[in-house]
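**Student:** For the protein sequence lines, the chains are W and E, in the order given.
Under full-length UniProt numbering, the letters of the first sequence match residues 1 to 164, in that order.
Under full-length UniProt numbering, the letters of the second sequence match residues 1 to 316, in that order.
What follows is a structure written as structure tokens; I'll ask about it next.
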Amino acid sequence: MSFEWPWQYNFPPFFTLQPNVDTRQKQLAAWCSLALSYCRHHKLYTLDIMEVQECPVFNHKNIDRKLSTEAILIVFEELRKKGNLEWLDKNKTQCLVMWRRPEEWGKLIYQWVSRSAVVNSCNTFPPEFHGLEEWMLIRSLQALQTDGKAEVITMDDGKGVKFF
Amino acid sequence: MLSSLIYDRTSPLSCAKIVVHLHASPANKEPGPYQQSKFSYFKLSFKEHGQIEFFRRLTEELSQKRWESTPMSQPIPTATNSQTGRTRAVGIVGIERKIEERRKETEKISQSKLMVKAKEMVELSRSIANKIKDKQGDITEDETIRFKSYLLSMGIANPVTRETHGSGTHYHLQLAKQLGDILLAPLEERGGMMALTEVYCLVNRARGMELLSPEDLVNACKMFESLKQPLRLRIFDSGVMVVQLQSHSEEEMISSALDNVTDKGSLTAEEFAKLLGLSVLLSKERLLLAEKMGHLCRDDSVEGLRFYPNLFNSQA
């Protein structure tokens, strides 16, 4: 299924950081939504700032408009505040994109766990968990742990999880 | 080359004559009207009198040879100029000097005549202005203002000057009142708003002699409100200052800007200026204002600054 671009993507002002505060808020919300849905569609979890500038999301060649580096960083900051992004380095060159936040994953996992009897069920994940990278899984379990719904146990041959 | 001079008195019936005998011209003769002549003498004929005096003077000049001792004041550019050092231009320099003097004299006369004319003009305009004041009852205020503006546009008026009204706030107060009169019509013509620079030019062009300084203009404009004048000085975020009619409607201006932009899809300040017949400066201020109010948004690229309807607000 091909990615569906939102109407803003073809609107030139979308690529100019708006000076009017109210307008900017709406613009940034649209950017966050677009960035996340694009990453979800292409199953992207890590982004590199340099590469991302040339990515079609931020560089719309058809209308000859691209989002400036400054604006991209502002969009990423919004994502970070919402819990959808985490910087991997202090220089902000690489980041993790969580188009589904750890809490959201944790909820899904817990639901799945509750549905099936954990003790007797096999350990294959249903389709919605396909592509879930390990680091994401661990964070999700940590989120559940914080919530008091699970406990990560370190065993001799690895880690295990106990659900409550 | 002169060899001798003879005063011929021989024939009593004919005119007196002076015969000037000439030598053949030497090889190193300096350039002159003639290089050489086939005649060895010439005669000067005096019809009535003067021959005695002429003879005496010519003899004197020839003996003194003053042309050999006078220093060169105006070198003539000729091939042998450097060799001779002889003056050829004494007479020419003198003539030139006289022409220069005469020119300066004429200039002086013109200037003083101009001053007299100007004085007459100012007095004439004052008397007309006073007559208007006296006849206030017979002429309507409208006509008075129109006549005064007419005078102003011609460049004559009763300018409020620092001499007549002193300096400081009293001066600015009077100025503000005068500006209130002068600017009403031009403002109406321009849709209710004029950049302060436009006002400055308009007013000073009319005043002619006693020009307003920019500070005086600004200070006077600041007094509009307190004087209950129907004008306002307004300063935009960008720093641009305008004078606008108090009756000027902001909402109307903004909604018309939005209509124009929506109609064309998008507009730059230049395109908008052309559409409205206003200056680019004022057109840009209108677009910026509409953006500030959230009706427009901007597209800033290498192609320039363009304004669009704010679809972020209106569209889902």
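Cβ atoms here follow ideal geometry from the backbone N, Cα and C, with glycine treated the same way.
On a predicted model such as this, the values are computed, not experimentally measured, just so you know.
(1) Whose C-alpha, out of E:V20, E:F55, E:L281, E:H49, is nearest the C-alpha of G239 of chain E?
(2) Short of 7 Å Cβ to Cβ, which residues in the stretch 244-257 of chain E face chain W?
(3) Considering just the uninterrupted stretch of the alpha helix (DSSP H) at D157 of chain W, what are its terminal residues?
(4) How about L245 of chain E and L184 of chain E: are their beta carbons less than 9 Å apart?
(5) Specify the secondary structure class of S301 of chain E as computed by DSSP and reduced to three states.
(6) From E:L227, E:S226, E:K222, pick the residue whose C-alpha is nearest to that of R234 of chain E; which is it?
(7) Tell me, please, whether the CB atom of D299 of chain E is closer than 9 Å to any CB atom in chain W?
(8) In three-state terms, what does DSSP make of D147 of chain W?
(9) Taking the straight line between their C-alpha atoms, what separation do you get for Q8 of chain W and L79 of chain W?
(10) What did DSSP end up calling G85 of chain E once you bin it into helix, strand or coil?
(11) Are the beta-carbon atoms of S63 of chain E and C15 of chain E separated by less than 9 Å?
(12) State the CB to CB distance for the pair C39 of chain W and W99 of chain W, rounded to an integer number of angstroms; the pair is presumed to be in contact (CB under 8 Å).
(13) On the CB-based measure, 16 or more other CB atoms within 10 Å of its CB, does T16 of chain W come out buried or exposed?
(14) Any residues in the stretch 28-39 of chain W with a beta carbon nearer than 8 Å to a beta carbon of chain E? Which ones, in chain order?
(15) Take the Cβ of F14 of chain W as the centre, count every other Cβ of all protein chains shown within 10 Å, and call the residue buried at 16 or more, exposed below.
(16) With distance defined between alpha-carbon atoms, name the residue in E:K264, E:E48, E:F307 nearest to E286 of chain E.
(17) Could you check whether L144 of chain W and G106 of chain W sit closer than 9 Å to each other, using their CB atoms as the reference points?
(18) Please list, in chain order, the residues of the stretch 5-16 of chain W that have any C-beta partner in chain E closer than 9 Å.
(19) Distance cutoff 9 Å, beta carbons only. Does residue 198 of chain W sit that close to anything in chain E?
(20) Hey, how far is the Cα of A269 of chain E from the Cα of F236 of chain E?
(21) Quick one: does L173 of chain E have its CB under 9 Å from some CB of chain W?
(22) Taking Cβ to Cβ, would you say I254 of chain E is nearer than 9 Å to M193 of chain E?
(23) Compare the C-beta of N313 of chain E with all C-beta atoms of chain W and state if any pair is closer than 9 Å.
(24) Can you name the residues of chain W whose CB is closer than 7 Å to the CB of N260 of chain E?
(25) DSSP on V218 of chain E, reduced to helix/strand/coil?
(26) H21 of chain E by DSSP, collapsed to three states: which one?
(27) CB of R126 of chain E to nearest heavy atom of the ligand MG: below 8 Å?
(28) Cβ atoms of I74 of chain W and V52 of chain W: under 9 Å apart, would you say?
(29) Can you list, in chain order, the residues of its chain whose CB lies under 8 Å from that of I214 of chain E, leaving out five sequence neighbours each side?
**Tutor:** Short version:
(1) Here residue 239 of chain E corresponds to residue number 239 of the second sequence, with the count starting at 1. Checking every option, the nearest Cα to that of G239 of chain E belongs to E:L281.
(2) none
(3) Here residue 157 of chain W corresponds to residue number 157 of the first sequence, with the count starting at 1. First-last for D157 of chain W: undefined, no H or E at that position.
(4) Counted from its first residue, the second sequence places residue 245 of chain E at position 245. Counted from its first residue, the second sequence places residue 184 of chain E at position 184. A contact, by the Cβ cut-off of 9 Å.
(5) On the second sequence, residue 301 of chain E is found 301 positions in, with the first residue counted as 1. In this structure, S301 of chain E counts as strand in the three-state DSSP scheme.
(6) In the second sequence, counting from the first residue as 1, residue 234 of chain E sits at position 234. Of the candidates E:L227, E:S226, E:K222, the one whose C-alpha sits nearest the C-alpha of R234 of chain E is E:K222.
(7) Stepping through the second sequence from its first residue, residue 299 of chain E is reached at position 299. Yes, D299 of chain E counts as interfacial toward chain W.
(8) Counting from one through the first sequence, the residue named residue 147 of chain W turns up at place 147. Reduced to three states, the DSSP call for D147 of chain W is helix.
(9) Numbered from its first residue, the first sequence carries residue 8 of chain W at position 8. Numbered from its first residue, the first sequence carries residue 79 of chain W at position 79. C-alpha separation (whole angstroms): 18 Å.
(10) Numbered from 1 along the second sequence, position 85 holds the residue referred to as residue 85 of chain E. Any reading at G85 of chain E is ruled out, since the residue's pLDDT is 41, under 50, leaving its predicted position unreliable.
(11) Position 63 of the second sequence, counting from 1, holds the residue named residue 63 of chain E. Position 15 of the second sequence, counting from 1, holds the residue named residue 15 of chain E. No, they are not a contact pair.
(12) Taking the first residue of the first sequence as 1, we reach residue 39 of chain W at position 39. Taking the first residue of the first sequence as 1, we reach residue 99 of chain W at position 99. Contact flag correct, Cβ pair sits at about 5 Å.
(13) Sequence index remark: in the first sequence, residue 16 of chain W carries index 16 (1-based). So T16 of chain W counts as buried.
(14) A30
(15) If you number the first sequence from 1, residue 14 of chain W lands on position 14. So F14 of chain W counts as buried.
(16) For this step, residue 286 of chain E is matched to residue 286 along the second sequence. Reading off the sequence shown, one finds Arg at residue 286 of chain E, where the question assumed Glu. Looking at the Cα atoms, E:F307 is the closest of the given residues.
(17) Position 106 of the first sequence, counted from the start, is the residue given in the question as residue 106 of chain W. Position 144 of the first sequence, counted from the start, is the residue given in the question as residue 144 of chain W. Against a cut-off of 9 Å, the Cβ pair of L144 of chain W and G106 of chain W comes out as a contact.
(18) W7, Q8, F11, P12, P13, F14, F15, T16
(19) Because chain W spans 1 through 164 in this model, residue 198 of chain W falls outside it and cannot be assessed.
(20) Indexing the second sequence from 1 puts residue 269 of chain E at position 269. Indexing the second sequence from 1 puts residue 236 of chain E at position 236. Approximately 16 Å between the Cα atoms of the pair.
(21) Counted from its first residue, the second sequence places residue 173 of chain E at position 173. No, L173 of chain E does not count as interfacial toward chain W.
(22) Taking the second sequence and counting its residues from 1, one reaches residue 254 of chain E at position 254. Taking the second sequence and counting its residues from 1, one reaches residue 193 of chain E at position 193. Cβ atoms of I254 of chain E and M193 of chain E: not closer than 9 Å.
(23) Within the second sequence, numbered from 1, the residue matching residue 313 of chain E stands at position 313. Yes, N313 of chain E lies at the interface with chain W (some Cβ there is under 9 Å from its Cβ).
(24) On the second sequence, position 260 is the one that residue 260 of chain E refers to. Here the premise fails: no neighbours, minimum Cβ distance about 17 Å.
(25) Against the second sequence, residue 218 of chain E aligns to sequence position 218. V218 of chain E falls in the helix class under three-state DSSP.
(26) Locating residue 21 of chain E in the second sequence gives position 21, where the first residue counts as 1. In the structure shown, H21 of chain E sits in a strand (DSSP, three-state: E or B).
(27) The model depicted lacks the ligand MG and carries no ligand whatsoever.
(28) Here residue 52 of chain W is taken as the residue at index 52 of the first sequence, counted from 1. Here residue 74 of chain W is taken as the residue at index 74 of the first sequence, counted from 1. Taking 9 Å as the Cβ cut-off, V52 of chain W and I74 of chain W do not qualify as a contacting pair.
(29) Within the second sequence, numbered from 1, the residue matching residue 214 of chain E stands at position 214. Per the sequence shown, the amino acid found at residue 214 of chain E is Pro instead of Ile. Hits under 8 Å: Y200.
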